[in-house]
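Reading through the structure tokens given below for one structure.
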Amino acid sequence: MRKPLILATTIIGLTFQQNYVLADVGKISGNEFNPAISLILDGRYSSYDNDYDLPGFQAGGEAGLPDKGFSLGHNELTVSANIDDKLFGYFNAAMAMEGGETIFELEEVFFETLGLGEGATIKAGRFYSGLGYLNSIHDHAHDFTDVPLVYAGMVGSHLIDTGIQARWLAPTDIFLELGVEALSGASFPGGENKDNNKGQTIFAKLGGDINVSSSWLAGISRYSSKFDVREAGVHAHGGVSTVDNELLDGEVDITAVDFVYKWAPNGNTSKRYLKLQFEYFMRNEKGEAEFAEAGEQAAADYDGEQKGYYIQAVYQWQPRWRVGVRYDQLEANNKIASYDGDVDGNTTVLGQDEFLEESDLESDHDPKRISYMIDYSPSEFSLFRLQINNDDSNPTSDKQVYLQYIMSLGSHGAHKF
Amino acid sequence: MKMVKISIFLLLLITSNTIHAKLNVFACEPEWAALMKELTGAHGKVFSATTAFQDPHRIEARPSLIAKMRRADIVVCSGSELEVGWLPLLLRSSGNRKVQINQPGYIEASQLVERLGIPQTIDRSMGDVHAAGNPHVHLDPRRMLKIAEIIGQRLKKIDPDNATHYQSQTRDFLARLQEKIKHWQSLATPLKDTKAVVHHKDWKYLFDWLGIKEVATLEPKPGVPPSPGHLATLKRQMKTDPADFILRAAYQDDNASKWLEKQTGIKAIELPFTVGGSDKATDLFTLMDDTINRLLAALKK
Chain U
12 MRKPLILATT
22 IIGLTFQQNY
32 VLADVGKISG
42 NEFNPAISLI
52 LDGRYSSYDN
62 DYDLPGFQAG
72 GEAGLPDKGF
82 SLGHNELTVS
92 ANIDDKLFGY
102 FNAAMAMEGG
112 ETIFELEEVF
122 FETLGLGEGA
132 TIKAGRFYSG
142 LGYLNSIHDH
152 AHDFTDVPLV
162 YAGMVGSHLI
172 DTGIQARWLA
182 PTDIFLELGV
192 EALSGASFPG
202 GENKDNNKGQ
212 TIFAKLGGDI
222 NVSSSWLAGI
232 SRYSSKFDVR
242 EAGVHAHGGV
252 STVDNELLDG
262 EVDITAVDFV
272 YKWAPNGNTS
282 KRYLKLQFEY
292 FMRNEKGEAE
302 FAEAGEQAAA
312 DYDGEQKGYY
322 IQAVYQWQPR
332 WRVGVRYDQL
342 EANNKIASYD
352 GDVDGNTTVL
362 GQDEFLEESD
372 LESDHDPKRI
382 SYMIDYSPSE
392 FSLFRLQINN
402 DDSNPTSDKQ
412 VYLQYIMSLG
422 SHGAHKF
Chain H
212 MKMVKISIFL
222 LLLITSNTIH
232 AKLNVFACEP
242 EWAALMKELT
252 GAHGKVFSAT
262 TAFQDPHRIE
272 ARPSLIAKMR
282 RADIVVCSGS
292 ELEVGWLPLL
302 LRSSGNRKVQ
312 INQPGYIEAS
322 QLVERLGIPQ
332 TIDRSMGDVH
342 AAGNPHVHLD
352 PRRMLKIAEI
362 IGQRLKKIDP
372 DNATHYQSQT
382 RDFLARLQEK
392 IKHWQSLATP
402 LKDTKAVVHH
412 KDWKYLFDWL
422 GIKEVATLEP
432 KPGVPPSPGH
442 LATLKRQMKT
452 DPADFILRAA
462 YQDDNASKWL
472 EKQTGIKAIE
482 LPFTVGGSDK
492 ATDLFTLMDD
502 TINRLLAALK
512 K
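As structure tokens, this is what we get:
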């Protein structure tokens, strides 16, 4: 952990050596001295039959389906401002209702350097990792109600972790950004580790314009972590679980490739535009899998290789109206060895097949899903969406229907590309 | 090892790039690119983030713009929240100290002059209103004189080695503009007290200068696309109190203004709005020539 320390010292050095000149004219836009405050309202009506189940992928993070019928999504409060002339601060918390309880979750809380110089930027706190493309985009700016299956299965919807991120932008006409992150590694797909610093990410992004109407962004990234314990289970805030499904002394790594292409006639998105998006994830993980339920306890050495992708297109054919289609596919190749179906030496022995199924490590079905959506935005600040999924994420096919609203109150900051 | 090699390569890239002779100018809109070309002359390498066919309110913080911002020595934008949806993100992502908000390399042109249309109260039900006033100041050449003068001073501060060059460029530009203002004002006398329906409140400063009256907007609220109900109201309004023309900028959808033209017989015209918005509008001077000529031509018919 020397490296972050050296890094931090360098930042401090760079920050104070510069003698700033206050501009004689010109002022901060968007907010005078108060922080910019933004509130997102998100609610939906959901209809489906099957519970969340992604065979071969242990559930973690925020993965799961919304409550049936009427429910609230993530209602996000964002407060942000330039702290001083060198730092920018950002606070985002999501409030959700689950099982009749109000849940408050810190999503992103960080500070970031402003104009450190030479294209460098440092961010520290809790933030969306630079892994993949969609990972660092807040749910309210997604084009579909739910996240792609690769995100649900491999990072529990979003890889959010606490740590430090350093990025460097090359001084070239083509956009080239390199980044590294040192993270706690405790967030899914990582897990609790003694020093709380085992997560690491590196990423590179390349992008540019093809012509005045079209532009692109491509990325390659890798995340890894080591952990002592990783609890798996369906996302249930505060819910009581009688099942123990854990991975002990494990490690995980994810390699991701992403590509985004956007087109609008003359680069004017107000009337028509097209957005194509593709991401491919590969995950390797291993550890000692333990499963315990009502007197039954089993363990095995687990070694999993999983991959998956999604591809989607969103088209705005006239102002306010958009349609989209998305295809998801996952594949898990999980191996277990040294199976022990009777760890505690009781009379009840858990069969290997049942262990695989109960622990979500069984990989005999390749999850697939196709989604269609149409949304309407009365203004820039409101959106209504209908989405239909033909879901084959587990062996029993299901049709999921979502009706969603997203409202934006207050100052609304810029969205990423 | 590969990472090390890449890093060395990239470090070489930085050092080779710091030895540039020209001042890198990042202009948010074509009018500021045109102004900066006048003021920097041979010493400026000017980039415009948008074209005349794009709506400066709705631009994405594209990778190519972040890359340009990274190398900018000076940023010139309309400001007053016009670019609030993309400029702050470009600045934050750039890692470029020179152009941050409190630096001499950051200029919001509209903040350098008196602004019109500063709302008394603000509420989103009023549409996309700018708390700091109307940002589209470039079509008033009197305000342009003041902006050019201040930016000319700023250039000397940013690049002192070429101070005399910027000074003579600025002087020359100001002299030509003053000359042209007299010409335009006498040319545009027939436009005084004419009435215009506009698509969006883009023309406030032009109207302020030439004495044209804005009687209605095609957008029911700023930033909200024209709706059939609102257009029907306008049609009735035009019956009792007809305007002289219906104006839209090159980047705006022509459906609404053409519909109203057909319904009322009032001439709908497209104005370049900024440099590049018409074949003739190639710089700030020809932009105003073309704008006034188009208005006069519509009046004659």
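Those protein sequences? They're chains U and H, same order as listed.
Counting from 12, one number per residue, gives the positions in the first sequence under our numbering.
Counting from 212, one number per residue, gives the positions in the second sequence under our numbering.
The beta carbon of each residue, even a glycine, is placed where N, CA and C say it ideally should be.
Just so you know, these numbers come straight off a predicted model, no measurement behind them.
Using the beta-carbon of each residue, which ones in chain U are nearer than 8 Å to residue i?
i: Thr262 of chain H; result: Val223, Asn277 and Gly278
i: Gln265 of chain H; result: Asn277, Gly278 and Asn279
i: Ser305 of chain H; result: Gly126, Gly130 and Leu180
i: Pro431 of chain H; result: Within 8 Å Cβ-Cβ: nothing; Pro431 of chain H doesn't reach chain U, min ~11 Å.
i: Asp372 of chain H; result: Near Asp372 of chain H there are no residues of chain U at all, since even the closest Cβ is about 17 Å away, more than 8 Å.
Given that residue i touches chain H, what residues does it touch there, using C-beta distances under 9 Å?
i: Ser168 of chain U; result: The contacting residues do not exist; Ser168 of chain U stays about 23 Å from chain H at best.
i: Leu424 of chain U; result: Note that residue 424 of chain U is Gly in the sequence shown, not Leu. Result: Val295, Gly296, Pro299 and Leu300.
i: Gly218 of chain U; result: Arg273, Pro274, Ser275, Ile277 and Ala278
So, with DSSP's three-state summary, where would you put residue i?
i: Asn42 of chain U; result: Here the model assigns Asn42 of chain U a pLDDT of 48, short of 50, so the residue's position is not dependable, and the following value carries that caveat. Reduced to three states, the DSSP call for Asn42 of chain U is coil.
i: Phe270 of chain U; result: strand
i: Ala34 of chain U; result: Unreliable placement is indicated for Ala34 of chain U, whose pLDDT of 36 sits below 50; the coordinate value is still reported in the next sentence. In this structure, Ala34 of chain U counts as coil in the three-state DSSP scheme.
i: Thr381 of chain H; result: helix
i: Ala244 of chain H; result: helix
i: Glu109 of chain U; result: strand
i: Val435 of chain H; result: coil
i: Ser140 of chain U; result: coil
i: Asn400 of chain U; result: strand
i: Gly315 of chain U; result: strand
i: Glu331 of chain U; result: According to the sequence as given, residue 331 of chain U is Arg; it is not Glu. In the structure shown, Arg331 of chain U sits in coil (DSSP, three-state: anything other than H, G, I, E or B).
i: Gly167 of chain U; result: coil
i: Phe214 of chain U; result: strand
i: Lys427 of chain U; result: strand
i: Ile347 of chain U; result: strand
i: Tyr416 of chain H; result: helix
i: Leu350 of chain H; result: helix
i: Leu429 of chain U; result: It is not possible to answer for residue 429 of chain U, since the shown part of chain U is limited to 12 through 428.
i: Lys367 of chain H; result: helix
i: Asp377 of chain U; result: coil
i: Phe258 of chain H; result: strand
Below 7 Å on C-beta distance, what does residue i contact in chain U?
i: Trp243 of chain H; result: By Cβ distance, chain U contributes nothing, its closest Cβ being about 14 Å from Trp243 of chain H, past 7 Å.
i: Val435 of chain H; result: Ser390
i: Arg387 of chain H; result: Here the premise fails: no neighbours, minimum Cβ distance about 24 Å.
Quick one: list the residues of chain H neighbouring residue i, beta-carbon separation under 7 Å, in chain order.
i: Lys282 of chain U; result: Asp464
i: Glu192 of chain U; result: Ordered by position in chain H, no residue passes the 7 Å Cβ test against Glu192 of chain U, which lies about 15 Å from the chain.
i: Pro46 of chain U; result: Within chain H, no residue comes near Pro46 of chain U; the closest Cβ sits about 13 Å away, beyond 7 Å.
i: Leu228 of chain U; result: Pro274
i: Lys286 of chain U; result: Correct list: empty, because the minimum Cβ distance to chain H is about 10 Å.
So residue i and residue j are supposed to be a Cβ contact under 8 Å. How far apart are they, rounded?
i: Ser419 of chain U; j: Phe395 of chain U; result: That belief does not hold up - the Cβ atoms of Ser419 of chain U and Phe395 of chain U are roughly 13 Å apart, past 8 Å.
i: Ala492 of chain H; j: Asp501 of chain H; result: 5 Å
i: Asn235 of chain H; j: Ala283 of chain H; result: 5 Å
i: Phe270 of chain U; j: Phe289 of chain U; result: 5 Å
i: Asp172 of chain U; j: Ser140 of chain U; result: 6 Å
So residue i contacts chain H; which residues on that side make the cut at Cβ distance below 8 Å?
i: Ile417 of chain U; result: In chain order: nothing, as chain H lies at least about 15 Å away.
I want to see whether chain B comes within less than 8 Å of residue i, judged by CB atoms only; does it?
i: Arg353 of chain H; result: Judged by its chain identifiers, the structure shown contains no chain B, and its protein chains are U and H.
Who are the neighbours of residue i on chain U, taking C-beta pairs under 9 Å?
i: Arg459 of chain H; result: Under the 9 Å cutoff, chain U gives no residues; its nearest Cβ is about 13 Å from Arg459 of chain H.
*Using 8 Å as the Cβ pair cut-off and three pairs as the minimum, do the stretch 273-287 of chain U and the stretch 219-227 of chain U touch?*
yes
*Determine, using beta-carbon pairs with one atom in the stretch 356-369 of chain U and one in the stretch 294-313 of chain U, whether at least three such pairs fall under 8 Å.*
yes
*asked:* Whether or not the stretch 51-64 of chain U and the stretch 409-418 of chain U are in contact is what I'm after, with contact meaning three or more pairs of Cβ atoms, one per stretch, closer than 8 Å; do they touch?
replied: yes
*Count the CB pairs spanning the stretch 248-265 of chain H and the stretch 371-388 of chain U that are closer than 8 Å, and state whether there are at least three.*
no
*asked:* Quick check: the stretch 179-190 of chain U against the stretch 204-220 of chain U, are at least 3 beta-carbon pairs closer than 8 Å?
replied: yes
*Pair every Cβ in the stretch 282-297 of chain U with every Cβ in the stretch 316-330 of chain U, then say whether three or more of these pairs are closer than 8 Å.*
yes
_Sufficient close CB pairs (3 or more, under 8 Å) joining the stretch 177-186 of chain U to the stretch 347-357 of chain U_ = no
_Under 8 Å, with one C-beta from each stretch per pair, do the stretch 351-362 of chain H and the stretch 388-408 of chain H reach the 3-pair mark?_
yes
_So if I threshold CB-CB distances at 7 Å, which residues from the stretch 264-287 of chain H count as touching chain U?_
Phe264, Gln265, Asp266, Arg269, Glu271, Ala272, Arg273, Pro274, Ser275, Ile277, Ala278, Arg281 and Arg282
*At a cut of 8 Å, does the stretch 76-89 of chain U reach the stretch 99-110 of chain U through at least three beta carbon pairs?*
yes
_So, does the stretch 421-440 of chain H touch the stretch 331-349 of chain H, judging by three or more C-beta pairs under 8 Å?_
yes
*Counting pairs of Cβ atoms below 8 Å between the stretch 91-98 of chain U and the stretch 234-247 of chain H, do you hit three or more?*
no
*Check whether the stretch 265-273 of chain H touches the stretch 281-295 of chain H, counting contact only when three or more Cβ pairs, one atom from each stretch, lie closer than 8 Å.*
yes
*Can we say the stretch 463-482 of chain H touches the stretch 437-451 of chain H, given the rule of at least three CB pairs closer than 8 Å?*
yes
_Residues from the stretch 318-340 of chain H in contact with chain U, defined by Cβ distance under 9 Å_ = Ile318, Glu319, Gln322, Leu323, Arg335, Gly338 and Asp339
_Positions along the stretch 322-341 of chain U whose CB lies within less than 9 Å of some CB in chain H_ = Pro330 and Arg331
_At least 3 beta-carbon pairs within less than 8 Å: the stretch 410-418 of chain H vs the stretch 316-333 of chain H_ = yes
*Could you please tell me which residues of the stretch 436-455 of chain H, in chain order, have their CB closer than 7 Å to any CB of chain U?*
Pro436
*If we count Cβ pairs, one from each stretch, closer than 8 Å, do we get three or more for the stretch 154-168 of chain U versus the stretch 252-262 of chain U?*
no
*Inter-stretch contact at 8 Å, needing at least 3 Cβ pairs: the stretch 309-319 of chain H / the stretch 124-137 of chain U*: yes
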